[in-house]
Structure formats: structure tokens, C-alpha cells
Amino acid sequence: MAKREGVNIILTPLLSVTLEKTIEFPVQLDSPVTANLRLENTTNAPVAYKIQTTAPLNYIYMPGYGTLKAQDTQGWLITLKKPMADPPPSTDRFRVMATQGFRVQGFSCLTQGLGSQPLPSGVRMTFTRFVEPGRVCLITYGPDVGKICTIVDVVDDRRALIDGPLTGVVRQTIPYKRLRLTDLRVEVDRGCSTDSLAQALEDDSTLSKWEETTWAKKLAAKKRRANLTDLERFKVMVARKKKSRVIKDAIKKK
């Protein structure tokens, strides 16, 4: 993590990282040895971030995740776990993922110089369900439990503005913990009106796509089982026993 001229500042559309304190090598761990960086949100909206390292046995970094308010800054400390005679190899990296609405930016820091290194062009993010305008969600708690809604805007790091014109969900703010994100998303503008959202959902056949998913089919089957009468449950039990007997007889013949 020796400082190198020209590569100690990392700039992204969402966050900037400034190296304020470097580590001189070789080092001894008689006391905590840290490098000090500053995360800065240069945008006009909150930005959520998460930090990971490829060498967790060598470093402790604080904080690992958090949210920066608009035009806010926060310190980021990297502490060595064991003595090092030379700067860490360039294979050790710190990756910072930052998100704001529907924009996602990823970048990596090389430990050798803590310089900037863009992600390879062939790398794709494995996580694709983001809190963003147009993201279709399932409500899991409250009076609208089990209904489908769409995120219209992001209020803060805890709540979102949702709307469900085709499913009977009125426009409201709701905590993220009451939502489950789906793979479906419609192309709408941030803060769009209820009418424009309804038109986008109809044009994209979003509800039909949701009903065709395995997730929706399992929920529908669970709802049907819960609404069965005593006689219907008895008929299901008899049918399952007959099916089990047929399978056992077929196995015995083999």
C-alpha cells in the first residue's frame, strides 16, 4: 500500500475515494497499522455502498458497508492483521460497490498503491435484483400482503415509494423489509404518475409474466391449499395415498 504518484485518487460517478494516509513498509504490528481513506458522495442523493476484499486474512476494514448522504464524507480504515516486509501483491484488492436508484457503479482498489483499477469489461455482476424505479416487488407484510407492486422512487436507505395500479395497491411509502424484489422490471421514469405506470405494466404484460414464474405458481398453490374445505382436504389425502400405492407397487415389480 505504498503511495504511488498519480494513482492515489479514485473517481466514480457516485463516490470518490481519496487516500489520506499510507503505510510505510516494512512494518511491525506493535500497534495497529492502518491506511486512512475518505469516501465522498459528490451527488445530490444518498448513496449506499459495500466494501469487500479478496484477502480477508490480511486486512480488517471499517466500515464494511453503509450509506452516505448527499455531499457527505466518511472515513475508511484498512488495518493490517500481520507484519509485512513488502507492499501487498497487486492480486489483493478492495472492491467497492455503490448504488443510487437505478445507477450502479463498481470499482476496485489495488492494495499496491491503493490505486484505481476499472473492472474488466467481461465481468458481470451476479446480483441483479436492485432497489430501483420500475422494480416489481411482492409485499410480504401488512394489509396488502401477497400483492404485486412497483417501486416508483427511493425515499432513503429504509423506505421506498411504491404503487400498484393493476393490483389494488395504493401509492405509499413502505419499508424494504416488507418487500421482496422480483426479477421483473418495467421501464418507467423516477416518480412517474400512476397512469403512466399502469400503461407501462399493461404494455409489458408484467402481471402475466409474474403469473408464469415458479414463484407465483407456488404462492397460488399454497393459497389454494389454505382455502380447501374439510371434504376437499380429505379427497386430496385419498388421492395422495392412491398415488403412493401405485408408485410402491411399480417399484416392487422391478
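Using the UniProt record's numbering, the first residue of the sequence shown is number 1, and each one after it goes up by one. Ideal placement from N, C-alpha and C gives every residue a C-beta, glycine not left out. Bear in mind that the values here come from a model prediction, so they are computed numbers and not experimental data.
Where do the N-terminal and C-terminal ends of the beta strand (DSSP E) with Lys-218 fall, by residue?
The sequence position of residue 218 within the sequence shown is 218, counting from 1. Element bounds for Lys-218: not the beta strand (DSSP E) but the alpha helix (DSSP H), 214 to 226.
From the DSSP output, in three-state form, read off Thr-229 for me.
Along the sequence shown, one-based indexing puts residue 229 at 229. Three-state result, Thr-229: coil.
Can you round the beta-carbon distance between Val-96 and Leu-15 to whole angstroms, since I take them to be within the 8 Å contact cut?
Your numbering for residue 96 matches position 96 in the sequence shown. Your numbering for residue 15 matches position 15 in the sequence shown. Right, their Cβ atoms sit about 7 Å apart.
Label Trp-215 either buried or exposed according to how many other C-beta atoms from any shown protein chain fall within 10 Å of its C-beta, with 16 as the threshold for buried.
In the sequence shown, the residue the question calls residue 215 occupies position 215. Counting Cβ neighbours within 10 Å, Trp-215 comes out exposed, since fewer than 16 surround it.
Would a C-beta distance cut-off of 7 Å place Arg-129 and Leu-181 closer than the cut-off?
Residue 129 sits at position 129 when you count from the first residue of the sequence shown. Residue 181 sits at position 181 when you count from the first residue of the sequence shown. In this structure, Leu-181 lies closer than 7 Å to Arg-129 by Cβ.
Taking a contact to mean a Cβ-Cβ separation below 7 Å, would you say Leu-68 touches Val-47 in this structure?
In the sequence shown, counting from the first residue as 1, residue 68 sits at position 68. In the sequence shown, counting from the first residue as 1, residue 47 sits at position 47. Taking 7 Å as the Cβ cut-off, Leu-68 and Val-47 qualify as a contacting pair.
Which stretch, first to last residue, makes up the alpha helix (DSSP H) that contains Gln-199?
Here residue 199 refers to the residue found at position 199 when the sequence shown is read from its first residue. Note, Gln-199: alpha helix (DSSP H), 194 to 204.
Pick out whichever of Asn-58, Leu-80 and Glu-212 has its Cα sitting closest to the Cα of Ala-35.
Position 35 of the sequence shown holds residue 35. Answer by Cα proximity: Leu-80.
CB Val-236 to CB Thr-206, shorter than 7 Å?
In the sequence shown, the residue the question calls residue 236 occupies position 236. In the sequence shown, the residue the question calls residue 206 occupies position 206. No; because the gap between Cβ atoms is not below 7 Å, this pair is not in contact.
If we count the other Cβ atoms within 10 Å of its Cβ and call it buried at 16 or more, is Asp-144 buried or exposed?
On the sequence shown, residue 144 is found 144 positions in, with the first residue counted as 1. Buried: at least 16 other Cβ atoms inside 10 Å.
Can Thr-194 and Asp-163 be called in contact, C-beta distance under 7 Å?
Here residue 194 corresponds to residue number 194 of the sequence shown, with the count starting at 1. Here residue 163 corresponds to residue number 163 of the sequence shown, with the count starting at 1. Yes, the Cβ-Cβ distance between Thr-194 and Asp-163 is below 7 Å.
Consult DSSP for Glu-132 and reduce its assignment to one of helix, strand or coil.
Locating residue 132 in the sequence shown gives position 132, counting from the first residue. Note: Glu-132 maps to coil in three-state DSSP.
Assuming residue 296 contacts Leu-161 under a Cβ cut-off of 8 Å, what Cβ separation, rounded to an integer in Å, is found between them?
The requested residue 296 is not part of the displayed model; the chain covers only 1 to 254.
Measuring alpha carbon to alpha carbon, tell me which of Asp-204, Leu-166 and Lys-147 ends up nearest Arg-178.
As a first step, residue 178 is located in the sequence shown; it is residue number 178 there, counting from the start. Among Asp-204, Leu-166 and Lys-147, the Cα nearest to that of Arg-178 is on Lys-147.
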